[in-house]
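> After the structure tokens below, expect a handful of questions from me.
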Amino acid sequence: MTIQTLNRLQELRLGGMATALELQLQQPGTYEELSFLERLSLLLEQEYLQRESRKQYRLVRQAGFRLQATLQEIDYQQHRNLKRAQIAQLGQGDWLFRGQNLLITGPCGTGKTYLACALGRQACSQGHSVRYYRVSRLLLTLTQAKADGSYQKLLGQLAKTRLLILDDWGLEVLKPAQRNDLMEIMDDRSGLMSTAIISQLPTTQWYAAIGDNTLADAILDRLMHNAHRLELKGESMRKREENNVEREQLGEKG
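Structure below.
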């Protein structure tokens, strides 16, 4: 009967319950004083936790983050104009439910991508779908989708993604077809889903990077309306780490 029950649980894809039941059977003394409903509750809780863990793993894998980042590992010691209270508020995820956007700007190496990936991973832990793209690769993917007939399907997937992270925004002036593609994406997402933009350029230079005043107005109006802004400052953290390593090496030699 026990083996049959475990097999049924596996067939019904209730692996968490099966694992918890085996544990109860292996340690009868620990659970013998619990009522039937209490033991059943433990089985259901294990099933729920296992499913949530699998879901979060799947969401993180599908997001394609550039960096493995977490909010807990953000460095606040350096002077980067980064406020704990603001990051904590963003980490709660209310802005995602409201379809608000996030604009992260600052010099190269100040941790913009790390911060966006950390917030994206936090969104995954809250059950949200996330996608990370460098703008150049997203535009290439859209071009390829037009060629193989999957363009509308891809637009539909992007429209349903709760948080879309676009990195390296504004590095190159957009071509007409690329501007139209971005307009399609932003129009589908405006007020419904959240988009995070990462750029070395200040927002005042984004118009020139888009390259067309009319479409620039339309795209940026959808991005900047009710957007949260993080303007990072300071020297490159990568250079700082390299200098620290060099000093440590010189110290060892000395």
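The working numbering applies: residue 319 is where the sequence shown begins, and numbers increase by one.
Ideal placement from N, C-alpha and C gives every residue a C-beta, glycine not left out.
Note that the coordinates shown come from a computational prediction; the quantities given were computed from them, not determined experimentally.
What are the residues that DSSP puts in a beta bridge with His397?
Counting from one through the sequence shown, the residue named residue 397 turns up at place 79. None; His397 has no bridge partner.
> Is Thr431 helix, strand or coil by DSSP?
Residue 431 sits at position 113 when you count from the first residue of the sequence shown. Looking at Thr431 - three-state DSSP - the assignment turns out to be helix.
> If I measure Cβ to Cβ from Ser508 and keep anything under 6 Å in the same chain, skipping five residues before and after, which residues do I get?
Here residue 508 corresponds to residue number 190 of the sequence shown, with the count starting at 1. Contacts found: Arg540.
> Is the stretch 423-441 close to the stretch 541-553, with three or more CB pairs under 8 Å?
With the cut-off at 8 Å, the stretch 423-441 and the stretch 541-553 touch.
> In the stretch 459-522, which residue ranges form an unbroken beta strand (DSSP E) of at least 3 residues, counting only runs that do not cross its ends?
Entirely contained in the stretch 459-522, the beta strand (DSSP E) runs reaching 3 residues are, in chain order, 481-485, 512-517.
> Might you give, ordered along the chain, the residues of its own chain that have their beta carbon closer than 6 Å to the beta carbon of Gln328, omitting 5 neighbours on each side?
Within the sequence shown, numbered from 1, the residue matching residue 328 stands at position 10. These residues qualify, in order along the chain: Ala336.
> Taking all protein chains shown into account, do 16 or more other C-beta atoms lie within 10 angstroms of the C-beta of Asp412, making it buried, or fewer, making it exposed?
Here residue 412 refers to the residue found at position 94 when the sequence shown is read from its first residue. Asp412 is exposed by the Cβ-count criterion.
> What residues in its chain sit with their C-beta under 6 Å from that of Leu421, if we drop five residues either side in the sequence?
The sequence position of residue 421 within the sequence shown is 103, counting from 1. Within the same chain, Leu421 has close Cβ partners Ile515, Ala545, Arg547.
> Going by other Cβ atoms of all chains shown within 10 Å of its Cβ, with 16 needed for buried, is Gln434 buried or exposed?
Start at 1 with the first residue of the sequence shown, and residue 434 comes out as number 116. Here residue 434 turns out to be Ala, not Gln, going by the sequence shown. Counting Cβ neighbours within 10 Å, Ala434 comes out buried, since at least 16 surround it.
> Return the chain-ordered ranges of every alpha helix (DSSP H) run that is complete within the stretch 348-392 and spans a minimum of 4 residues.
Counting whole runs of 4 or more residues, the stretch 348-392 contains the alpha helix (DSSP H) stretches 354-381.
> Roughly how far, in whole angstroms, is the beta-carbon of Ile405 from the beta-carbon of Leu389, given that I think they are within contact range, below 8 Å?
Within the sequence shown, numbered from 1, the residue matching residue 405 stands at position 87. Within the sequence shown, numbered from 1, the residue matching residue 389 stands at position 71. The pair is a contact, with the Cβ atoms about 7 Å apart (cut-off 8 Å).
> Smallest Cα separation from Asn531: which of Arg452, Arg497, Phe415?
Numbered from its first residue, the sequence shown carries residue 531 at position 213. The candidate whose alpha carbon is nearest that of Asn531 is Arg497.
> Which stretch, first to last residue, makes up the alpha helix (DSSP H) that contains Leu541?
Start at 1 with the first residue of the sequence shown, and residue 541 comes out as number 223. First-last of the alpha helix (DSSP H) with Leu541: 531-542.
> Sort out for me which residues DSSP pairs Arg449 with in a bridge.
Here residue 449 refers to the residue found at position 131 of the sequence shown. Arg449 is bridged to Leu482.
> Could you pull out every residue in the same chain whose Cβ sits closer than 6 Å to the Cβ of Ala463, ignoring the five residues on either side in sequence?
The residue you call residue 463 lines up with position 145 of the sequence shown. Result list for Ala463: Tyr469, Leu472, in chain order.
> Could you give the residue range of the alpha helix (DSSP H) that holds Gly402?
By one-based count along the sequence shown, residue 402 stands at place 84. The identity of residue 402 in the sequence shown is Arg, whereas the question assumes Gly. Looking at the DSSP string, the run of the alpha helix (DSSP H) that includes Arg402 is 402-410.
> Suppose the cutoff is 6 Å on Cβ atoms and the five residues either side in sequence are ignored; what does the same chain contact list for Ser447 look like?
For the purposes of this step, residue 447 is taken as the residue at position 129 of the sequence shown. For Ser447, where only same-chain residues beyond five positions count, the Cβ hits under 6 Å are Thr479, Arg480.
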